[in-house]
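All remarks here apply to the structure that follows.
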Ligand SMILES: [Cu+2]
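In this note's numbering, the protein residues as written are 1048 to 1176.
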């Protein structure tokens, strides 16, 4: 059972779930659900936002901040399309990784009238196809 849970966790990009407490005290969860394996070129990122009760979180804005550090303080982003809420709380973002290697990802979640949250995920690997 524990082994299965571990496998499921590893199937997510870096086991990527983050619990967030907003400036107004509201707690919610950001689960990075796809893709299981990132490849150089086109991918579709999928994030699910849920309240503590497990209901979809209503965000007014969602943004992704992909970044690759290249050394000596240099780095670069990569092209993404506008995030789209495909079902309540589920955000889909087409992305084009310009390089394989280690990337970082942060997402910005905004709700009406509350300071936006920036949620950082652990570094993950983009494979060369
Ligand atoms: Cu690079």
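Even for Gly, the Cβ is constructed at its ideal location relative to N, Cα and C.
- When secondary structure is reduced to three states using DSSP, residue 1104 falls in the coil class, being assigned neither helix nor strand.
- A Cβ-Cβ separation of about 6 Å places residue 1173 in contact with residue 1087 under the 8 Å criterion.
- In this structure, the C-beta of residue 1152 stays at least 7 Å away from each heavy atom of ligand 1.
- Considering only 1078, 1106, 1113 and 1143, the residue with the shortest C-alpha distance to residue 1132 is 1106.
- Between residue 1064 and residue 1111 the beta-carbon gap is near 16 Å, outside 8 Å, which marks them as no contact.
- Comparing alpha-carbon positions, the option among 1118, 1124, 1119 and 1096 lying closest to residue 1135 turns out to be 1096.
- The three-state secondary structure of residue 1152, taken from DSSP, is strand.
- The C-beta distance from residue 1078 to residue 1094 rounds to 7 Å, short enough to meet the 8 Å contact threshold.
- Counting only runs that start and end inside the region 1059-1090, the beta strand (DSSP E) elements of at least 3 residues fall at 1064-1068 and 1074-1081.
- Within the chosen limit of 7 Å, ligand 1 reaches the beta carbon of residue 1123 through at least one heavy atom.
- Positions of the beta strand (DSSP E) runs, each at least 3 residues long and wholly inside the region 1105-1130, are given as 1108-1118 and 1121-1123 in order along the chain.
- Taking 7 Å as the cut-off, one finds at least one heavy atom of ligand 1 near enough to the beta carbon of residue 1148.
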